[in-house]
Structure formats: C-alpha cells, structure tokens
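In what follows, a single structure is set out as structure tokens and then discussed.
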Amino acid sequence: MNIIRQATYNSDEVKIQSREYLFRGFIQVEKVSLQHRLFNQTEYTPILQRELIHRPEAAGVLIYDDAQQKFALIEQFRVGAIDDSDSAWQLEIIAGVLDGDESPESCIRRESLEESGCEIDELEHLFSFYPSAGACSELFHLYSAQAHLPEQGGVFDMPDEGENIQLHLIDYSEVTHLLSNGRLRNAPVIMALQWLQQHIKTTRNV
Numbered sequence: 001m002n003i004i005r006q007a008t009y010n011s012d013e014v015k016i017q018s019r020e021y022l023f024r025g026f027i028q029v030e031k032v033s034l035q036h037r038l039f040n041q042t043e044y045t046p047i048l049q050r051e052l053i054h055r056p057e058a059a060g061v062l063i064y065d066d067a068q069q070k071f072a073l074i075e076q077f078r079v080g081a082i083d084d085s086d087s088a089w090q091l092e093i094i095a096g097v098l099d100g101d102e103s104p105e106s107c108i109r110r111e112s113l114e115e116s117g118c119e120i121d122e123l124e125h126l127f128s129f130y131p132s133a134g135a136c137s138e139l140f141h142l143y144s145a146q147a148h149l150p151e152q153g154g155v156f157d158m159p160d161e162g163e164n165i166q167l168h169l170i171d172y173s174e175v176t177h178l179l180s181n182g183r184l185r186n187a188p189v190i191m192a193l194q195w196l197q198q199h200i201k202t203t204r205n206v
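For the sequence shown, position 162 (counting from the first letter as 1) is numbered 162 according to UniProt numbering, and the numbering increases by one without interruption.
See below:
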C-alpha cells in the first residue's frame, strides 16, 4: 500500500509576487499574486491571482456521556447558510475562535461553559484541518470530550456577541439517522459524529 506521508512540495515552491489587502474587518480579504511549482516539472505556473480570506483559528468539541448514552449539539442561525433551501439554523458542535494566543483547549473549555454550562476536564484531539483551503486560511481543531451533561437542553444567549444558541441533548441511538437524513451541513459536526459512531461500536464490543 502506497501511503502519502508528506506533501510533494513545501512552501519554498511557491513564489509570492505581491499581496494586497482588499478588506479588513473580523475577517480579512487579501489579493495574492503567485506562482507555484507544477507536478513532475521544474517549471512554475504563470502568475495567478487569488483572493484569500483570513479567519482566526477555531476549535470545536463534541461533548458526549457514555453513562447517559447522550451527546450535545447546538443549533444557531448562520449567515453563511442564509440561502440554504432548508434552514439557516444549523446543527453544530460547540465551537469558537481562538482569542489571541489562546490555545485550542482553552478556547474549547471557555466555549463549552458559555454554550452548554458543561465543564470539561479531559480532551481528545481528533483532527486539525482546513475547512475550505481553496479560499480560506482558517485552521480548525476538532476534539471530543466525555463530560457530565445537564438533564435537559436550553437556550444560551451571548447578546454582546450576537449569539442565540439552543442546546440539544441527543440519544446515541440517533447518530446514524442524523448522519443520513441531510440535517447536518458542516464538516466538523459530521466528522465528530462519525468518530462517535465508531466510539459507540467500540465500547459496545468491549
């Protein structure tokens, strides 16, 4: 089996001609002129123009409880899904952006308290990935954590941040249905529930 253990080229094989910010706000948009090396050649591409969206690093966590056989998801309005034919209110894992030099673990513990009231001790790192590397620099750190969940869900508001969040506590028996019914529309929650599905199978076979 041929496993790709490292990238074919590194960052030295990209030639930056110019970089210019087109917009600076919570996100920044940059216009980049570049050339990159072609596969199996010593030549580079012609000069390419690309728009690059800069977003802060982010981290998210799937909180689950084997004793209760439940896990937590949140639901909130997302402007990126405003044109979704079903709903702009998305089901997600608890997540947030890193504040300055904050670690992903610290971010997750803070967001968990704010969005669910759950205190987290042990965190298991699952993946770090670029959700949309074709245009966006955001790096997302995905974790899971076993914690004692509240007896019922509720609404968590952060008015100064424009957040209005519904906490859902869902039975393990619903995982397969959620992964197949089209309700989940973002990568972190799909990846997290696929991990949970395997976790459930493993624990039941022990």
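Cβ atoms here follow ideal geometry from the backbone N, Cα and C, with glycine treated the same way. Predicted, not measured: the structure shown is a model, and the values here were computed from it.
Using the Cα positions of residue 246 and L48, report the straight-line distance between them to the nearest angstrom.
Since the first residue shown for the chain is 1 and the last is 206, residue 246 is missing from the structure and cannot be characterised.
Would a C-beta distance cut-off of 8 Å place F140 and G60 closer than the cut-off?
Reading the sequence shown from its first residue, position 140 is the one you call residue 140. Reading the sequence shown from its first residue, position 60 is the one you call residue 60. Against a cut-off of 8 Å, the Cβ pair of G60 and F140 comes out as a contact.
Kindly list the residues whose CB is nearer than 7 Å to the CB of L178, restricted to its own chain and excluding five residues on each side of it in sequence; keep chain order.
Here residue 178 corresponds to residue number 178 of the sequence shown, with the count starting at 1. Result list for L178: L184, L193, in chain order.
Please state whether DSSP places G96 in a helix, a strand or coil.
Translated into positions along the sequence shown, residue 96 becomes position 96. Strand, per DSSP.
Taking 7 Å as the limit between beta carbons, can you name the residues of its chain near R109, skipping five residues before and five after?
In the sequence shown, the residue the question calls residue 109 occupies position 109. Around R109: I120.
Ends of the beta strand (DSSP E) at V29?
Indexing the sequence shown from 1 puts residue 29 at position 29. Looking at the DSSP string, the run of the beta strand (DSSP E) that includes V29 is 28–36.
Examine the ligand MG and report whether any of its heavy atoms sits within less than 7 Å of the Cβ of E13.
Of ligands this structure carries none, so the ligand MG is not represented either.
Do the stretch 56–74 and the stretch 92–105 meet, that is, are 3 or more Cβ pairs less than 8 Å apart?
Yes: at least three Cβ pairs fall under 8 Å.
Is E75 helix, strand or coil when you go by DSSP?
Taking the first residue of the sequence shown as position 1, residue 75 is located at position 75. Three-state result, E75: strand.
Report the residue from P46, L167, P56, K31 whose alpha carbon sits nearest the alpha carbon of C107.
Working through the sequence shown from its first residue, we reach residue 107 at position 107. When only C-alpha atoms are compared, the closest one is P56.
What is the rounded straight-line gap between the Cα of I200 and the Cα of P46?
Position 200 of the sequence shown, counted from the first residue, corresponds to residue 200. Position 46 of the sequence shown, counted from the first residue, corresponds to residue 46. Each residue's Cα considered, the two are about 50 Å apart.
Cβ of A187 within 8 Å of Cβ of P104?
For the purposes of this step, residue 187 is taken as the residue at position 187 of the sequence shown. For the purposes of this step, residue 104 is taken as the residue at position 104 of the sequence shown. No, Cβ-Cβ distance for A187 and P104 is not below 8 Å.
Residue range of the alpha helix (DSSP H) that Q152 falls in?
Along the sequence shown, one-based indexing puts residue 152 at 152. Looking at the DSSP string, Q152 is not in any alpha helix (DSSP H), and its letter there is neither H nor E.
Relative to the alpha-carbon of F39, which residue among S18, S87, Y9, E51 has its alpha-carbon at the smallest distance?
Within the sequence shown, residue 39 is the residue found at index 39, counting from 1. Selected option, being the one with the closest Cα: Y9.
Based on DSSP bridge pairs, tell me the residues matched to R19.
On the sequence shown, residue 19 is found 19 positions in, with the first residue counted as 1. Bridge partners of R19: V32.
How about L113 and M191: do their beta carbons lie closer than 8 Å?
Counted from its first residue, the sequence shown places residue 113 at position 113. Counted from its first residue, the sequence shown places residue 191 at position 191. No, these two residues do not count as a Cβ contact at 8 Å.
With a floor of 3 residues, list each beta strand (DSSP E) that falls wholly inside the stretch 117–176, ordered by position along the chain.
Counting whole runs of 3 or more residues, the stretch 117–176 contains the beta strand (DSSP E) stretches 124–129, 140–146, 154–158, 163–171.
Can you list, in chain order, the residues of its chain with a C-beta nearer than 7 Å to that of F127? Leave out the 5 residues immediately preceding and following it.
One-based indexing of the sequence shown puts residue 127 at position 127. Correct list, in chain order: L142, M191.
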